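Taken in sequence, the protein lines are chains A and B. Heads up: the first sequence is residues 11 to 599, going by the working numbering. Heads up: the second sequence is residues 12 to 290, going by the working numbering. Backbone N, C-alpha and C define an ideal beta-carbon position, used for all residues, glycine too. Bear in mind the structure is a predicted one, so any value in this text is a computation, not a measurement. Written out below as structure tokens is the structure these notes cover.
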Amino acid sequence: MMSVGSRALEVRDLRVVRAGTDIDIVAEVSFALKAGEVLGLVGESGSGKTTAGLALLNHCRRGLAIAEGSEITLAGRPVRNLDPEGLRALRGPVICYVPQDPAAALNPALKIRTQLVECGKDGRRLSDVRLAELLGEVKLPETPAFLESYPHQISGGQQQRVAIAMAFANRPQVIVMDEPTTGLDVTTQAHVLAIVRQLCSRHGVAAVYISHDLAVVASLAHRVAVMYAGRIVEAGPVKDVLRHPRHPYTRALISAVPDLGSNAVMHGIPGQAPDPGARPKGCSFAPRCGWALPACEAQIPAHRAIGEEHHVRCIHPLGEDAPPLSYGARPAVQAQSKRLLEVDGLRARHGGSEILHGLSFGLEARNCLAIVGESGSGKTTLARCIAGLHADWSGNLRFQGAALAPASRKRPAEHRRQIQYIFQNPYASLNPRRTIGQSMAGTLSILEPVSRAESRTRIEAALRRVALPPATVDRYPHQLSGGQRQRAAIARALVVNPKLLICDEITSALDVSIQAVIIELIDNLKREHGLSLIFVTHNLALVSSIAENVAVLMAGRIVELGNTAQVLGDPASPEARKLLDDTPRLVRS
Amino acid sequence: MAALNALRARIGWVGLVLAGLVVAIALLGPFMAPHAPEAFVGAPFQPPNAAMPLGGDVLGRDVLSRVLTGGYRTLGLAAVATLLGVAVGAILGMAAGFFRGAADETIMRLLDVALAFPQTIFALLFLSILGSEPWLTALVVAAIHAPQVARVARAGALRIAAEDFVRHAEAIGMSPLRILVTEILPNISVPLLVELGLRYTYSIALIAGLSFLGLGQQPPAPDWGLMINENRIGMASNPWPVLVPVTLIAVLTIGTNLFTDALSRSTAAAGEGQTTEVR
Numbered sequence: 011m012m013s014v015g016s017r018a019l020e021v022r023d024l025r026v027v028r029a030g031t032d033i034d035i036v037a038e039v040s041f042a043l044k045a046g047e048v049l050g051l052v053g054e055s056g057s058g059k060t061t062a063g064l065a066l067l068n069h070c071r072r073g074l075a076i077a078e079g080s081e082i083t084l085a086g087r088p089v090r091n092l093d094p095e096g097l098r099a100l101r102g103p104v105i106c107y108v109p110q111d112p113a114a115a116l117n118p119a120l121k122i123r124t125q126l127v128e129c130g131k132d133g134r135r136l137s138d139v140r141l142a143e144l145l146g147e148v149k150l151p152e153t154p155a156f157l158e159s160y161p162h163q164i165s166g167g168q169q170q171r172v173a174i175a176m177a178f179a180n181r182p183q184v185i186v187m188d189e190p191t192t193g194l195d196v197t198t199q200a201h202v203l204a205i206v207r208q209l210c211s212r213h214g215v216a217a218v219y220i221s222h223d224l225a226v227v228a229s230l231a232h233r234v235a236v237m238y239a240g241r242i243v244e245a246g247p248v249k250d251v252l253r254h255p256r257h258p259y260t261r262a263l264i265s266a267v268p269d270l271g272s273n274a275v276m277h278g279i280p281g282q283a284p285d286p287g288a289r290p291k292g293c294s295f296a297p298r299c300g301w302a303l304p305a306c307e308a309q310i311p312a313h314r315a316i317g318e319e320h321h322v323r324c325i326h327p328l329g330e331d332a333p334p335l336s337y338g339a340r341p342a343v344q345a346q347s348k349r350l351l352e353v354d355g356l357r358a359r360h361g362g363s364e365i366l367h368g369l370s371f372g373l374e375a376r377n378c379l380a381i382v383g384e385s386g387s388g389k390t391t392l393a394r395c396i397a398g399l400h401a402d403w404s405g406n407l408r409f410q411g412a413a414l415a416p417a418s419r420k421r422p423a424e425h426r427r428q429i430q431y432i433f434q435n436p437y438a439s440l441n442p443r444r445t446i447g448q449s450m451a452g453t454l455s456i457l458e459p460v461s462r463a464e465s466r467t468r469i470e471a472a473l474r475r476v477a478l479p480p481a482t483v484d485r486y487p488h489q490l491s492g493g494q495r496q497r498a499a500i501a502r503a504l505v506v507n508p509k510l511l512i513c514d515e516i517t518s519a520l521d522v523s524i525q526a527v528i529i530e531l532i533d534n535l536k537r538e539h540g541l542s543l544i545f546v547t548h549n550l551a552l553v554s555s556i557a558e559n560v561a562v563l564m565a566g567r568i569v570e571l572g573n574t575a576q577v578l579g580d581p582a583s584p585e586a587r588k589l590l591d592d593t594p595r596l597v598r599s
Numbered sequence: 012m013a014a015l016n017a018l019r020a021r022i023g024w025v026g027l028v029l030a031g032l033v034v035a036i037a038l039l040g041p042f043m044a045p046h047a048p049e050a051f052v053g054a055p056f057q058p059p060n061a062a063m064p065l066g067g068d069v070l071g072r073d074v075l076s077r078v079l080t081g082g083y084r085t086l087g088l089a090a091v092a093t094l095l096g097v098a099v100g101a102i103l104g105m106a107a108g109f110f111r112g113a114a115d116e117t118i119m120r121l122l123d124v125a126l127a128f129p130q131t132i133f134a135l136l137f138l139s140i141l142g143s144e145p146w147l148t149a150l151v152v153a154a155i156h157a158p159q160v161a162r163v164a165r166a167g168a169l170r171i172a173a174e175d176f177v178r179h180a181e182a183i184g185m186s187p188l189r190i191l192v193t194e195i196l197p198n199i200s201v202p203l204l205v206e207l208g209l210r211y212t213y214s215i216a217l218i219a220g221l222s223f224l225g226l227g228q229q230p231p232a233p234d235w236g237l238m239i240n241e242n243r244i245g246m247a248s249n250p251w252p253v254l255v256p257v258t259l260i261a262v263l264t265i266g267t268n269l270f271t272d273a274l275s276r277s278t279a280a281a282g283e284g285q286t287t288e289v290r
């Protein structure tokens, strides 16, 4: 085992600009990594973390350029002045990149074996011995059947492990991983993280792990650098930064993350990160910061050392003695009332095979039931059966005592109105060619025809309930940010005054700070407007902050059903316990 | 990147101006012709002079007057045929892509059969049996376009029908017809518009070709396609009655293609811009 020691990577004043302009995408990024050390590069979308990560390979997206004066030193060799030949010699043997989407990174037309063996040094093929060793390291089967398959024939987790094996094939000294577990469910994610952790420490590989997920970083990295608007705003050892965040943004980000370990209420960060070119003169976070002073807007704050290796870019860092993150206690569970939805012996089929094998549960009015499970467990199919979007099922669904027809088009308008479905991806659930107002008016005209004037008032009221400005009526979806689109989609459901909202992974396409805002919104709708919720998610940590009850789904069966506190605190089934153990936590106990 | 976009836009404008020029000649020409198109003004294939700037044709009629009056029939007929063909193709293709299953198979396999016939032979067959009526020409040309437009519309509808906003429309119980009109059609309008421009140039070429073969406009009507056929024997003494119609048809075809090309590129660029926001 190699020790953490010699310096593998050093970056000084890295600056990436839009080619031919002075607009910073990334600026003043400096850090150093020792062999075997893992740095978590954390930030929301648009913070420049991927751009910074790619720049370490002396590469940037088309239209961007690494500015003069940036210094990148890899294993003692400066890389900025290398010619293409020299760069090629570096990439692979010295530094490697693992992209976010393994399905896009692997060549769909080549077999796994072909792609793995061509990773040898200097274009040579990998020997069979080395191939076997490599497969063992990433815990992939060494069988001919696996090696002869094509990327689409293996699972997402396996694809990502193949990509990781390709990166580790030449034992590089530095590896850059760009959200490699984002598309995976928690169990697979836990496997992949364990493999990465093991490989880095065993071979002394320095890693830059780019992620938006603080909990994942907490479980993997030694040090963490938080990026905001292209700059590192806080950096230091993981424990220091996550336990005692000194920058207001880090602190806000942490309180936006749902966490199993604590009983905290999540808080979103109001506002949006500024776009490159529209960044303020002073601290980029000042417009969203609760502690901002006039001096914050004067100039970009310089780094300030807080402790050993812990520094922060803030003129008045939150003190060590600042109260711990405001963990408000969750409001008490509401008194149980009458049943809204009754599911009895639900069996659903897809094509020829049964994927839900007799599910039974109930939902009380004004309550939230979370449905948790890995991808492929059937949770989306369940949600779609209830919404009438998946008609191939048998069993009994009763809504307010009346039987629900399988397909939405066979259901009376009253049922279609009272049960509303909110989709995972707000980028796809709104018609791009219609304004938000037109989409909402269309929904209203079908389910509850009202006069034009009343329609207008209803639409405005619904937009107010999701905290969108009235002007949103005339906006097209592409003019809104991701969070705003999801709110508009929720408003489109609210405009017909539903009783039950079915939320299918509604935050998984959004940043954590925005996720927290949407969860707050949904929670508020439940408590103040008496909505009932079915909340489908793969993120167990999210469940504790919203649901009274939780059903854990595994391969089409409910393996555990009960009160949230009880299921998360002391699960009875081994499946639920495993899911719980695999969920990364911010604060390790 | 920005410069490239501007260049594309400029090419688009050039195309629009070229096509507009030819359409203007066809539409305004009849009011500006110095002579009646069927009047015998000079000697056959007379070279250009002051009274006849483009000379005379095979029967000594004024070429300029025939060029000016010979466009609107072909262009109008092509427009009717194209609109009809694109409309029918779009409806069939959207229905196939949205309903899938048996409807899809039935519509698309029948259209495949239609596609299997060589287009020009198909047109010649009908027109030679039933006679060369303008309405029949329009109908035959439309029938040639419909299957190909249907394929484009179906591909678009398949893609859009899988989107969540269509799921939502189904969940709230929107009727299939309304889904097709309000949810799917607006989202495939751009490829359909591009198709419209492209099909229009094909129609013109096809109708002019039919006239050339003697199955479109009949003599003595002035017509660009017909003029090329009638006058090609006299190219040596007066090339203008062939060259001018050929040039006009070529300019119109090139202009329309430039424009629709720029249109599809600019919307493709806009589409790229949209997806970059998605994480």
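Alpha helix (DSSP H) segment containing residue i, residue limits
i      : result
A/E530 : V522 to H539
B/Y213 : L196 to F223
A/G246 : Segment R241 to P247 is the beta strand (DSSP E) holding A/G246; no alpha helix (DSSP H) there.
A/S418 : Where A/S418 is concerned, there is no enclosing alpha helix (DSSP H), given that its DSSP letter is neither H nor E.
A/S265 : P258 to A266
B/Y83  : Y83 to F110
A/I205 : V196 to H213
Sequence-distant residues of the same chain with beta carbon closer than 7 Å to residue i, five excluded per side
i      : result
A/L369 : V353, L356, L392 and I568
A/A417 : G398 and A401
B/R162 : G104
Alpha carbon of residue i to alpha carbon of residue j, nearest angstrom
i      : j      : result
A/R598 : A/A231 : Confidence in A/R598 is poor, its pLDDT being 49 and thus under 50, which makes the residue's placement unreliable; the coordinate value appears in the next sentence. If you take the alpha carbons of A/R598 and A/A231, they lie about 13 Å apart.
B/N60  : B/G66  : 6 Å
B/L103 : B/R165 : 8 Å
A/C324 : A/I516 : 34 Å
B/E288 : A/L64  : Summary for B/E288: the model assigns pLDDT 31, below 50, so the residue's position carries little reliability, and this model does not support an answer.
A/P341 : A/S518 : At A/P341 the pLDDT is 47, less than 50, meaning the model places this residue with poor confidence and gives no usable figure here.
B/A90  : A/R462 : 39 Å
B/T212 : B/L237 : 17 Å
A/A175 : B/Q159 : 46 Å
B/P231 : B/E49  : 7 Å
A/P284 : A/A239 : 7 Å
A/Q496 : A/L24  : 35 Å
A/D111 : A/A45  : 26 Å
A/L19  : A/T547 : 38 Å
A/L454 : A/R426 : 11 Å
A/E585 : A/E54  : 32 Å
B/S248 : B/P58  : 7 Å
A/A423 : A/Q410 : 15 Å
A/G338 : A/E128 : Because A/G338 sits at a pLDDT of 41, beneath the cut-off of 50, its placement in the model cannot be relied upon, and the following sentence gives the value as read from the coordinates. Each residue's Cα considered, the two are about 54 Å apart.
A/Q344 : A/N377 : Residue placement at A/Q344 cannot be trusted, given a pLDDT of 49 that sits under 50; the coordinates are not used to answer.
A/P290 : A/G56  : 15 Å
A/C306 : A/A312 : 11 Å
Endpoints, the beta strand (DSSP E) within which residue i is located
i      : result
A/N406 : W403 to F409
A/Q430 : I429 to I432
Test item: CB-CB of residue i and residue j under 7 Å
i      : j      : result
B/G96  : B/A153 : yes
A/R587 : A/P581 : yes
B/L29  : B/G208 : no
A/A380 : A/L350 : no
A/T61  : A/V89  : no
Sequence-distant residues of its chain with Cβ nearer than 8 Å to residue i (five each side left out)
i      : result
A/V202 : G167, Q170, R171, I174, P190, T191 and L194
Evaluate contact between the region 255 to 269 of chain A and the region 71 to 89 of chain A, counting only Cβ atoms and requiring at least three cross-stretch pairs below 8 Å. They do not touch, by the three-pair rule.
Tell me, please, whether the region 248 to 255 of chain B touches the region 68 to 85 of chain B by the rule of three or more beta-carbon pairs shorter than 8 Å. For the pair of segments examined, the region 248 to 255 of chain B was found to touch the region 68 to 85 of chain B: the number of CB pairs separated by less than 8 Å reaches three.
At least 3 beta-carbon pairs within less than 8 Å: the region 499 to 508 of chain A vs the region 238 to 251 of chain A: Contact between the region 499 to 508 of chain A and the region 238 to 251 of chain A is not established, with fewer than three Cβ pairs separated by less than 8 Å.
Segment contact flag, the region 557 to 566 of chain A with the region 358 to 373 of chain A, C-beta cutoff 8 Å, min 3 pairs: Contact between the region 557 to 566 of chain A and the region 358 to 373 of chain A is present: 3 or more CB-CB pairs across the two stretches fall below 8 Å.
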